[in-house]
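Using our numbering, the letters of the sequence shown map in sequence onto residues 8 to 158. Take a look at the structure below.
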Amino acid sequence: MIRVDFYHLQKNPLEQVLPKLCEKAYATGKRIKILLGNDERVEFINALLWTYAEDSFLPHGSKKDGFVENQPIFISASEDNENNAQLLILADGAMPELGFLSQYERILNIFDGNDETALNKARTYWKQIKSLDGELHYWQQNERGNFEQKV
Numbered sequence: 008m009i010r011v012d013f014y015h016l017q018k019n020p021l022e023q024v025l026p027k028l029c030e031k032a033y034a035t036g037k038r039i040k041i042l043l044g045n046d047e048r049v050e051f052i053n054a055l056l057w058t059y060a061e062d063s064f065l066p067h068g069s070k071k072d073g074f075v076e077n078q079p080i081f082i083s084a085s086e087d088n089e090n091n092a093q094l095l096i097l098a099d100g101a102m103p104e105l106g107f108l109s110q111y112e113r114i115l116n117i118f119d120g121n122d123e124t125a126l127n128k129a130r131t132y133w134k135q136i137k138s139l140d141g142e143l144h145y146w147q148q149n150e151r152g153n154f155e156q157k158v
């Protein structure tokens, strides 16, 4: 069964939320794939994860960095699971084919609730996954920027 957690951004942007989610995911010991909508964003997020906090370190890379199969966190716009990740993070509107999701233990789908297009895409994706009897969880940012699970 596919488990997908939808993270509805309302207070903080992806650039603030993604590094924190990556830290939590990396702490599980699982390999991570971050799938983004295009190659330009891949390199932006790659740079961001090196510089978002002085006291943090997340080992990661993109195709440009090489050693793809050895990257604990791999950032890409390609649907291939190049680093044999168990956890997939979707952002920037990435919506891979549903069959692609089955190779992951867990999927985090982060979307901007202040962007009507992103919100509608997330709703559509939710319905598609639900039709497969996927296990769905919905998290929404509160005023403090923390996520609360909604039922």
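The beta carbon of each residue, even a glycine, is placed where N, CA and C say it ideally should be.
Looking only at C-alpha atoms, which of G106, E50, M102, D140 sits nearest to T124?
As a working mapping, residue 124 is identified with position 117 in the sequence shown. Of G106, E50, M102, D140, the residue nearest in Cα terms is M102.
Using DSSP with H/G/I as helix, E/B as strand and the rest coil, what is I52?
As a position in the sequence shown, residue 52 is number 45, starting the count at 1. Three-state DSSP puts I52 in a helix.
Specify, as a first and last residue, the run of the beta strand (DSSP E) that F13 falls within.
Translated into the one-based positions of the sequence shown, residue 13 becomes position 6. For F13, the uninterrupted beta strand (DSSP E) segment begins and ends at 10 to 16.
Using a Cβ-Cβ cutoff of less than 7 angstroms, which residues in the same chain neighbour N88 once the five nearest sequence positions on both sides are dropped?
Here residue 88 refers to the residue found at position 81 of the sequence shown. Excluding sequence neighbours, N88 sits near K40, Q110.
In the DSSP assignment, what residue or residues form a beta bridge with R113?
Here residue 113 refers to the residue found at position 106 when the sequence shown is read from its first residue. DSSP output for R113 lists L94 as bridge partner(s).
Just mark R130 as buried or exposed, buried being the case when its beta carbon has 16 or more other beta carbons within 10 Å.
Sequence index remark: in the sequence shown, residue 130 carries index 123 (1-based). Of the residues assessed, R130 falls on the exposed side of the cut-off, its CB having fewer than 16 other CB atoms within 10 angstroms.
Just how far apart, CA to CA, sit S63 and L42?
Position 56 of the sequence shown holds residue 63. Position 35 of the sequence shown holds residue 42. Taking the straight line from one Cα to the other gives about 22 angstroms.
I'd like the span of the beta strand (DSSP E) that includes F154, first residue to last.
As a working mapping, residue 154 is identified with position 147 in the sequence shown. Residues 154 to 157.
For Q93, which residues from the same chain have a beta carbon less than 7 angstroms from its beta carbon, with the 5 sequence-adjacent residues on both sides left out?
The residue you call residue 93 lines up with position 86 of the sequence shown. Result list for Q93: K37, R38, Y111, E112, in chain order.
Output the distance between the C-alpha atoms of Q148 and L115, rounded to the nearest integer angstrom.
Along the sequence shown, read from residue 1 onward, the residue named residue 148 stands at position 141. Along the sequence shown, read from residue 1 onward, the residue named residue 115 stands at position 108. When rounded, the distance between both Cα atoms is 14 angstroms.
Which of the three DSSP states is assigned to Y145 in this structure?
Locating residue 145 in the sequence shown gives position 138, counting from the first residue. In the structure shown, Y145 sits in a strand (DSSP, three-state: E or B).
Smallest Cα separation from L108: which of D119, G100, D99, L95?
Working through the sequence shown from its first residue, we reach residue 108 at position 101. The candidate whose alpha carbon is nearest that of L108 is L95.
Taking the alpha carbon of R48 as the point to measure from, which residue in R10, D140, G100, I136 has its own alpha carbon closest?
Translated into the one-based positions of the sequence shown, residue 48 becomes position 41. That would be G100, whose Cα lies nearest to the Cα of R48.
Pull up the distance between the alpha-carbon of G73 and that of R10, whole angstroms please.
In the sequence shown, the residue the question calls residue 73 occupies position 66. In the sequence shown, the residue the question calls residue 10 occupies position 3. Their Cα atoms are separated by approximately 30 angstroms.
Among residues of its own chain, excluding the 5 on either side of H144, which ones have a beta-carbon nearer than 6 angstroms to its beta-carbon?
Taking the first residue of the sequence shown as position 1, residue 144 is located at position 137. Excluding sequence neighbours, H144 sits near D12.
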